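S.K.: Below you'll find the structure I mean.
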Amino acid sequence: MFMRIQTTPGSCGSRAFNTIPAAAEFIMDGPAIPFNVSDGRGCKVFNIHLSVLAEYSMFFHDIHNHYNLIEANALKFDLCGIDPQTFNRFTIWLYYQGIYIDEGSATPLEYYDQFEQLWTLADKYRVPSLQKQSIDTALVLLRALREQSNFDVLGYWHCIYHKSYVGSPERRFIAGQCAILLLSGEEKGLDPERIHPALRGDIANIIHNLYPQLY
């Protein structure tokens with residue numbers, strides 16, 4: 001079973017939980033690409049239309065434009081080290097643009113981990129709209145945690161930074177959230193002086209890439 005968390009595109013504000021968006025309207029033509037996904041505990045095959053992948057993924061958009069039908073039909077992807085449940089969420093998003101999380105997750109931070117895994121997969125296949133939506137949804141969750149239980153969001157991020165390596169998906173996911181908060185001006189309490197030096201540098205790099213004219 002799944003629960004959908006929907007955020008307003010392009011903002012950090014939340015919409016109602018369990019909001020069901022209409023399926024995107026596009027032509028599902030061409031071949032369906034098989035993905036053999038395994039995390040060492042199990043393997044599952046997903047078949048996704050190349051036209052759907054190309055609609056949102058810059059990686060598959062290039063393939064769609066440059067491969068002929070015979071080449072496209074021969075495509076197959078073997079993905080090791082990826083949780084099939086995460087890839088299932090990715091597949092659902094491609095067809096419906098809604099983020100689903102498992103209702104059976106034990107804690108809110110497990111939800112957060114699911115958003116991070118989804119962001120990482122979107123980063124791999126260059127799906128910027130899903131990356132943005134994953135970040136927005138994670139921020140909605142963390143903000144609710146802080147308001148309901150005085151959760152130390154910055155301390156949690158710092159803990160992840162200490163356990164992860166430079167340039168890791170975990171760090172880039174966090175830096176993206178901080179950059180959005182700082183640029184939007186919504187998070188008045190996010191004091192740059194309290195931010196981990198490595199995180200501060202990653203935030204600066206993201207803002208520089210987004211707005212090079214500021215530097």
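If you count by the UniProt record's numbering, then the sequence shown holds residues 1 to 215, one letter each, in order. For each residue, glycine too, the CB sits at the ideal point set by N, CA and C. Values in this document were obtained by computation on a predicted structure and should not be read as measured data.
#1: Taking its Cβ as the centre, do 16 or more other Cβ atoms sit within 10 Å of S184, making it buried, or is it exposed?
#2: Taking 7 angstroms as the limit between beta carbons, can you name the residues of its chain near N150, skipping five residues before and five after?
#3: Output yes or no for whether 8 angstroms exceeds the beta carbon distance between L141 and Y161.
#4: Figure out for me which residue from P197, A179, L199, Y156 has the closest Cα to the Cα of Y211.
#5: Entirely within the region 77–156 and at least 3 residues each: give me those beta strand (DSSP E) ranges in chain order.
#6: Decide if the region 90–98 is in contact with the region 59–73; the criterion is three or more beta carbon pairs, one per stretch, under 8 angstroms apart.
#7: Reducing DSSP to helix, strand and coil, say where R200 ends up.
#8: Less than 6 angstroms between C-beta atoms, sequence neighbours within five positions excluded: which residues of the same chain meet that for A122?
#9: Tell me which same chain residues have a C-beta within less than 7 angstroms of the C-beta of I206, skipping the five on either side of it?
M.R.: Straight from the coordinates:
#1: Counted from its first residue, the sequence shown places residue 184 at position 184. Residue environment for S184: exposed (fewer than 16 other C-beta atoms within 10 angstroms of its C-beta).
#2: Taking the sequence shown and counting its residues from 1, the one referred to as residue 150 is at position 150. Closer than 7 angstroms at the Cβ level, and outside the excluded window around N150, lies no residue.
#3: Here the question's residue 141 lines up with position 141 in the sequence shown. Here the question's residue 161 lines up with position 161 in the sequence shown. Contact flag unset, no.
#4: On the sequence shown, residue 211 is found 211 positions in, with the first residue counted as 1. The option with the nearest alpha carbon to Y211 is A179.
#5: Secondary structure in the region 77–156: the beta strand (DSSP E) runs of 3 residues or longer, each lying completely within the stretch, are 77–80, 99–102 in chain order.
#6: no
#7: Taking the first residue of the sequence shown as position 1, residue 200 is located at position 200. In this structure, R200 counts as helix in the three-state DSSP scheme.
#8: As a position in the sequence shown, residue 122 is number 122, starting the count at 1. Around A122: L130, Q131.
#9: Your numbering for residue 206 matches position 206 in the sequence shown. Counting only Cβ-Cβ distances below 7 angstroms, and skipping sequence neighbours, we find A175, G176, A179.
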